[in-house]
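Engineer: Pasting in a structure now, in structure tokens, and then I'll have a few things to ask.
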Amino acid sequence: MSFVLDRRPKSDALCDATPSCVPDLLDQLVCFACQFPLTVKHFLIECVNFAAIHTRYFSASSIKYVFENVNAQSVVDFRKEIIKEMNLYHEL
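Counting in our numbering, the sequence shown runs from 26 upward without gaps.
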């Protein structure tokens, strides 16, 4: 299983990192394996590629539940394991 951030530009125009350009940069992050936009919600709850790892740290059906009820260390440990398992260190 692999996971890659797809950062293809939306247009040929270069972004000058102005505030108006930042949302466009964020929209470009895509989960390679499932082609969904890579959002916090997708990362923490929705991505089927993370399901096996996800269940070891917390069970949640909404992002609100995660932020209100899940221990922050569990979320950090989940993120660390995803990065390790998916070999994302070279992508960051």
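C-beta: ideal position from N, C-alpha, C; glycine also.
(1) Would a C-beta distance cut-off of 7 Å place residue 75 and residue 107 closer than the cut-off?
(2) Could you give the first and the last residue of the continuous alpha helix (DSSP H) run that contains residue 78?
(3) Where does residue 91 sit, in a helix, a strand or coil, going by DSSP?
(4) For the alpha helix (DSSP H) holding residue 85, just list the boundary residues, first then last.
(5) Please determine, among 70, 61, 54, 62, the residue with the shortest C-alpha to C-alpha distance to residue 104.
(6) Could you name the residues that DSSP lists as bridge partners for residue 55?
Structural biologist: So, to answer that:
(1) Yes, the Cβ-Cβ distance between residue 75 and residue 107 is below 7 Å.
(2) For residue 78, the uninterrupted alpha helix (DSSP H) run begins and ends at 76-82, by DSSP.
(3) For residue 91, the secondary structure class from DSSP, reduced to helix, strand or coil, is helix.
(4) First-last for residue 85: undefined, no H or E at that position.
(5) With distances taken between Cα atoms, residue 104 lies closest to 70.
(6) 62.
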